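Structure first, then comments.
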Amino acid sequence: VYEALTAYLAARGVEDPAEPLFVRYSPRGRGQRMSVRGMREVVNQRLRESGIKRERARKLTPFSLRHTAGLLLVESGVSVEELMQRMRIRWRPTALLYVRQRGKVGSGPELQSLVRL
Numbered sequence: 260v261y262e263a264l265t266a267y268l269a270a271r272g273v274e275d276p277a278e279p280l281f282v283r284y285s286p287r288g289r290g291q292r293m294s295v296r297g298m299r300e301v302v303n304q305r306l307r308e309s310g311i312k313r314e315r316a317r318k319l320t321p322f323s324l325r326h327t328a329g330l331l332l333v334e335s336g337v338s339v340e341e342l343m344q345r346m347r348i349r350w351r352p353t354a355l356l357y358v359r360q361r362g363k364v365g366s367g368p369e370l371q372s373l374v375r376l
């Protein structure tokens, strides 16, 4: 992921770390920070194109992907502080919701390969 993001930023010519990571490419908003709604639409489109998200399948959203990432971080043994930093969680009780679910994700080999960081 790091390499892909680095290549993306280089292709955009981004040098200032304060610039937005993802920007709009529409004529009206070119170069502006992508909205939450815009990001959701892009993620949903890519999920459908890849065949991961189907119309009648279990609901898969950008938020559910974020939640899964948080659970996988907890399963990998990160501290609450690191979880908060990586997921940009400001309120500790929110991070603790992930910690309380430790061990409930599953233990299949395909899942364990995702847990290793």
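For what it's worth, this note's numbering labels the leading residue of the sequence shown as 260, then goes sequentially. All C-beta atoms in this analysis are idealised placements derived from N, C-alpha and C, irrespective of residue type, glycine included. Computed from a prediction, not measured in an experiment: that's the story for all the values here.
Tell me which residue opens and which closes the alpha helix (DSSP H) that G297 is part of. If you number the sequence shown from 1, residue 297 lands on position 38. First-last of the alpha helix (DSSP H) with G297: V295 to S309.
Within 10 Å of its beta-carbon, does E334 have 16 or more other beta-carbons around it, so buried, or fewer, so exposed? Taking the first residue of the sequence shown as position 1, residue 334 is located at position 75. Buried, because 16 or more other Cβ atoms sit within 10 Å of the Cβ of E334.
What distance in whole Å lies between the Cβ atoms of V302 and G290, which are believed to be in contact at a cut-off of 8 Å? Counting from one through the sequence shown, the residue named residue 290 turns up at place 31. Counting from one through the sequence shown, the residue named residue 302 turns up at place 43. With 8 Å as the limit, G290 and V302 do not qualify as a contact, their Cβ atoms being about 20 Å apart.
Need the endpoints of the alpha helix (DSSP H) that G329 sits in, please. Walking along the sequence shown from the start, residue 329 turns up at place 70. Residues P321 to E334.
Using 8 Å as the threshold, is the segment 356–365 in touch with the segment 320–333, meaning 3 or more CB pairs across them? Touching, per the Cβ criterion.
Cα-Cα, which of A263, F322, R349 and R351 is closest to V295? Position 36 of the sequence shown, counted from the start, is the residue given in the question as residue 295. Checked all of A263, F322, R349 and R351; the closest Cα to V295 is F322.
In this structure, how does DSSP classify L273 when only helix, strand and coil are distinguished? Along the sequence shown, read from residue 1 onward, the residue named residue 273 stands at position 14. Here the sequence assigns Val to residue 273, which means Leu is not the residue at that position. DSSP places V273 in coil when its eight states are reduced to three.
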